[in-house]
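Notes follow the structure.
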Amino acid sequence: MDKIKIQEFQQIIHDVKNEIQEIHQDPDGIVSIEINGHLEIKNMKILLKVTDQKLEQIIPILINSGIQSVSMKIKNLIEVFQKNISNQ
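If you number the sequence shown the way this note's numbering does, the last residue is 90 and the count never jumps.
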């Protein structure tokens, strides 16, 4: 892959990351997080009167699922880009 293709690829990944925004919420609606394509948590909402113990259980699961979901979107777009390059 030449330098121009690598730069195009980097720009595509950057653009994709800027467009991805996902909200993940636990089944009980206690916590919701908004995560972007840069794997940053942009917003977190927590219901009042939730125990610390419950939060310690829920938050890591939500963060992990958010990261996995966003990562899969990025991976799929990278695969599409790679197929397009190989077809040229």
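C-beta: ideal position from N, C-alpha, C; glycine also. Quantities reported herein were computed from a predicted structural model and do not represent experimental measurements.
Q | Through-space distance from residue 16 to residue 35, alpha-carbon basis | A | 22 Å
Q.
At the level of alpha carbons, what is the spacing between residue 6 and residue 44?
A. 32 Å
Q) Using the rule of at least 16 other Cβ atoms within 10 Å of the residue's Cβ for burial, across every protein chain shown, is residue 26 buried or exposed? A) buried
Q: Could you name each continuous alpha helix (DSSP H) segment of 4 residues or more that falls completely within the segment 3-65, going from the start of the chain to the end?
A: Listed in chain order, they are 5-21.
Q. By how many angstroms is the C-alpha of residue 23 removed from the C-alpha of residue 76?
A. 12 Å
Q | Of the residues 11, 8, 20 and 32, the one placed nearest residue 61, counting alpha carbons only | A | From the listed residues 11, 8, 20 and 32, the smallest Cα separation to residue 61 is found for 32.
Q. Do you know whose CA, among 67, 39 and 86, lies nearest residue 28's CA?
A. Comparing Cα-Cα distances from residue 28 to each of 67, 39 and 86, the minimum goes to 67.
Q.
Among 89, 84 and 72, whose alpha-carbon lies nearest the alpha-carbon of residue 11?
A. 84
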